[in-house]
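Here the protein sequences line up with chains S and L, keeping their order.
Take the first sequence: its letters are residues 52 to 394, numbered as in my numbering.
Take the second sequence: its letters are residues 52 to 394, numbered as in my numbering.
Where is the CB? At the ideal position from N, CA and C, for every residue including glycine.
Worksheet: one structure, shown below.
Protein chains: 2
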Amino acid sequence: MNLKTLSEHLGLSQTTVSRALNGYPEVSEKTRQRVLETARKLNYSPNARAKGLATGKSMAIGHVIARSSRHEMVNPVFGDYTAGAGESYSAAGYDMLISLVDDDSEEQLYRAIKSKGNVDGIIVHSPKMQDTRIDLLSSLGLPFLSHGRASNVTRNYAWLDVNNSRAFQRATEFLLDLGHRRIALLNGLEFLDFAHRRRQGYVRALVGRGLEPDPALMRSDEMTEIYGYRETRAMLEADDPPTAVLCSSIISAIGVRRALSDAGLTMGRDVSVITYDDDLSYMSNGQEVPIFTATRSSVREAGRLSAQMLLDMISNPGMPLPTHLMEADLIIGQSTGPAPNRP
Amino acid sequence: MNLKTLSEHLGLSQTTVSRALNGYPEVSEKTRQRVLETARKLNYSPNARAKGLATGKSMAIGHVIARSSRHEMVNPVFGDYTAGAGESYSAAGYDMLISLVDDDSEEQLYRAIKSKGNVDGIIVHSPKMQDTRIDLLSSLGLPFLSHGRASNVTRNYAWLDVNNSRAFQRATEFLLDLGHRRIALLNGLEFLDFAHRRRQGYVRALVGRGLEPDPALMRSDEMTEIYGYRETRAMLEADDPPTAVLCSSIISAIGVRRALSDAGLTMGRDVSVITYDDDLSYMSNGQEVPIFTATRSSVREAGRLSAQMLLDMISNPGMPLPTHLMEADLIIGQSTGPAPNRP
DNA sequence: TAATTCATCCAAAGCGCTTTGATTTGACGT
DNA sequence: ACGTCAAATCAAAGCGCTTTGGATGAATTA
Chain S
52 MNLKTLSEHL GLSQTTVSRA LNGYPEVSEK TRQRVLETAR KLNYSPNARA KGLATGKSMA
112 IGHVIARSSR HEMVNPVFGD YTAGAGESYS AAGYDMLISL VDDDSEEQLY RAIKSKGNVD
172 GIIVHSPKMQ DTRIDLLSSL GLPFLSHGRA SNVTRNYAWL DVNNSRAFQR ATEFLLDLGH
232 RRIALLNGLE FLDFAHRRRQ GYVRALVGRG LEPDPALMRS DEMTEIYGYR ETRAMLEADD
292 PPTAVLCSSI ISAIGVRRAL SDAGLTMGRD VSVITYDDDL SYMSNGQEVP IFTATRSSVR
352 EAGRLSAQML LDMISNPGMP LPTHLMEADL IIGQSTGPAP NRP
Chain L
52 MNLKTLSEHL GLSQTTVSRA LNGYPEVSEK TRQRVLETAR KLNYSPNARA KGLATGKSMA
112 IGHVIARSSR HEMVNPVFGD YTAGAGESYS AAGYDMLISL VDDDSEEQLY RAIKSKGNVD
172 GIIVHSPKMQ DTRIDLLSSL GLPFLSHGRA SNVTRNYAWL DVNNSRAFQR ATEFLLDLGH
232 RRIALLNGLE FLDFAHRRRQ GYVRALVGRG LEPDPALMRS DEMTEIYGYR ETRAMLEADD
292 PPTAVLCSSI ISAIGVRRAL SDAGLTMGRD VSVITYDDDL SYMSNGQEVP IFTATRSSVR
352 EAGRLSAQML LDMISNPGMP LPTHLMEADL IIGQSTGPAP NRP
């Protein structure tokens, strides 16, 4: 069923039918109703490719997932972020187009995306500190929004981010207030901007209290469960172990908890733990009382918001580039307590 | 940069340039090289919409994520499955188009997808026992493959599934062999086909040993961490608590472990646990020795395979509909041991 | 030399839609 | 009765590509 046969059915021209369907005023209300009804009856919906070709829009937003050979992990946050973004998209009649790409051919992909024209905009994920994609996309003139900032990029661009440094500074200060002095940081990969900022916040809090950050207590890797386990275990076995751990992901925090439990230690009494909590739907941090004391910010909400911002950019091209900084809540759970007195 | 300007640059017709780019033989090798080179130099890549309109293909596969108002959870498996499928797609030059939809308007969406024509095929996720989507899609004539079977659907359709009943039967028998008689089942939502089959396997094993399944030990819900915690805790507090738990997801198994630990019980000694393990990249089940004894099947591999199967269907439309049953490995970890002697 | 083949290349139609620039129709004022 | 104007409709061009059905020479054959 296409426009031509539909309009023949109706005894109208394609022009009129098209206008009736798209809500133009130059068509009488009576015929509009008639068109809408038969369109529904015949299960007509316009061919997206043809429509896109004619209008120059494709009603889809691209998400590029860079896959490096070294880092095989799928970001556990991906699902919730996608669900959030998808809500905004589907409300606006947009689809989400995902392409996987090896990270060495990423630049080429963006150029291709631009000229293939199958998306109207792009979300940039997990920016690095100096992320070349931002300059590239700016120069391509394809609307984009970055989920996370890139510290060393000076030009203007649209972004949505969480105040990661503030969150980690507050969390660290909270532990310091509880008397902790040996505070470990289990960070994500620090060439990623968010991890860099978290570390900054952590260091700032320590230095603010006259403490020297100890490299032996600062770890950085992909935020898996195993990572939390392995590094916690290693630090507990070393000299002068930490009395508190600041962790970049609830997934890793679960590994931390396992390591503590294996070592016969009680979380919240012997060792305190604070984790960043993305509020993942399948991994909610306890019920009434949170398990982990945490800096919490919903990544699903971030998805919803960032998608909406990008859609707004696309529909109002003249506007200044939007930015949005979300603050993470510091929520108190059962995993923190006063620093134990060392023997 | 479009075909027209490119061909003007080259002093050739659009026909010849198009043929050169698409590898047709009616063009001399010399001009083909010249075309390819200038195309690269000028960063030309064909407009996907126009190409799609001309060829009738869109080089994209649709994934429909049904969102019900009741079940807010994002399937934690989604990311890894997507990554696997994405590998197959990107190798074949396909994109993945995701649309979120309220599950009450799902049927309408499939019709729209068909006539909008922006995908060449569809992956059906999480089929229910009697899944109407399969009949609908068959009648629409849009190639599709179901990730998971639908028990009560009799017609032929393409699917890839894990032998869930076999996996859970084996796991249950393994526990029975260890002397366990009170074995709890923490299942997923049982209107979903995979969960139904798992339960079948569990029941079959019990009945095979002359045991009566106890409804008090069989739970079913979304497979969150909290779910594992809550139900384990409840069962431990009830009369005649289980000595073993069979769990449908490693996420929930972590909740089970937490509940055991809260109750002062040791996993693997006081209570045994077996979990289904999707081999999620951020949640690998231990290193050398697995934490949990598990029935393991990689969902990422399932994604890769199912995408490949669908692509094959699309390129060879005549072939019989492919099906593939993956067997889960039963891997022994530290979470199982002989049934304790009750006081 | 003329006829035939073959390798290259090209003009134009067509994919299904939107949109521009008419054209038709009917109501209205004079 | 006639011209005017707004409302309603339409024909055709154009979006950027593929593909059909030639056209053009050069090389080969008779």
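Contact annotation, ILE342(L) with ALA222(L): C-beta distance approximately 16 Å; criterion of less than 8 Å not satisfied. If you draw a 10 Å sphere on the C-beta of MET360(L), you find 16 or more other C-beta atoms in it, and that means buried.
SER79(L) and LEU72(L) have their C-alpha atoms spaced approximately 12 Å apart. Remark: C-beta atoms of ILE185(S) and MET147(S) do not approach each other more closely than 7 Å. Taking every protein chain shown into account, the CB of GLU282(L) has 16 or more other CB atoms within 10 angstroms, so this residue is buried. Secondary structure at PHE129(L): helix, using DSSP grouped into helix, strand and coil. From the listed residues ARG162(L), GLY384(L) and ARG233(L), the smallest Cα separation to VAL296(L) is found for ARG233(L).
For THR275(S), at least one C-beta of chain L is nearer than 7 Å to its own C-beta. The DSSP assignment places complete alpha helix (DSSP H) segments of no fewer than 4 residues inside the stretch 278–352 of chain S at 301–313, in order along the chain. When 9 Å is used as the limit between beta carbons, VAL307(L) is near no residue of chain S, the shortest such separation being about 13 Å. Between the beta-carbon of ARG260(L) and that of LEU236(L) there is about 15 Å, and that puts the pair past the 8 Å contact cut. Interface residue (Cβ-Cβ distance to chain L less than 7 Å): ALA142(S) is not classified as such. The beta-carbon distance between MET180(L) and ASN203(L), rounded to whole angstroms, is 5 Å. This is short enough to meet the 8 Å contact definition. When 8 Å is used as the limit between beta carbons, ASN94(S) is near these residues of chain L: ARG162 and SER166, in chain order. The continuous alpha helix (DSSP H) containing THR82(S) extends over residues 80–92. Pairing SER300(L) with SER139(L), the inter-Cα distance amounts to about 25 Å.
In this chain, the alpha helix (DSSP H) harbouring VAL258(L) covers 244–259.
With its beta carbon less than 7 Å from one in chain S, LEU104(L) belongs to the interface. Counted as a single uninterrupted DSSP element, the stretch harbouring HIS176(L) is not any alpha helix (DSSP H) but the beta strand (DSSP E) occupying residues 172–176.
Remark: C-beta atoms of SER332(L) and ASP131(L) approach each other more closely than 7 Å. Residue burial is scored here from C-beta neighbours: PHE242(L) has fewer than 16 other C-beta atoms within 10 angstroms and is therefore classed as exposed. Using a Cβ-Cβ cut-off of 7 Å, ASN98(L) counts as an interface residue toward chain S, since at least one Cβ of chain S sits closer than that to its own. When secondary structure is reduced to three states using DSSP, ARG70(L) falls in the helix class. Within the same chain, SER197, ARG200 and THR374 come within 6 Å of TRP210(L) by CB-CB distance, once the 5 residues on both sides are set aside.
Contact between ILE173(S) and VAL125(S) is ruled out by a C-beta separation of about 20 Å, above the 8 Å threshold. The Cβ-Cβ distance between ILE305(S) and GLU273(S) does not fall below 7 Å.
For GLU123(L), the chain S residues whose C-beta falls within less than 8 Å of its own C-beta are SER332, listed in chain order. For GLY239(L), no Cβ of chain S is located within less than 7 Å of the residue's own Cβ. Within chain L, not a single residue places a beta-carbon under 9 Å from that of ILE173(S); the smallest gap is close to 13 Å. Straight-line measurement puts the Cα of SER109(S) at about 28 Å from the Cα of THR82(S). Under the criterion of beta carbons closer than 8 Å, TYR95(L) and SER166(S) qualify as touching, at roughly 7 Å. Here DSSP, grouped into helix, strand and coil, assigns LEU376(S) to strand. From the beta-carbon of ILE302(L), the residues of chain S found nearer than 8 Å are TYR333 and MET334.
Annotation for ALA134(L): SER332, ARG351 and GLY354 place their beta carbon closer than 8 Å to its own, counting only its chain and skipping 5 residues before and after. Rounded to the nearest whole angstrom, the C-alpha separation of ASN53(S) and VAL68(S) is 11 Å.
Between LEU316(S) and VAL307(S) a beta carbon distance of about 10 Å is seen, past the 8 Å cut, so the two are scored as non-contacting.
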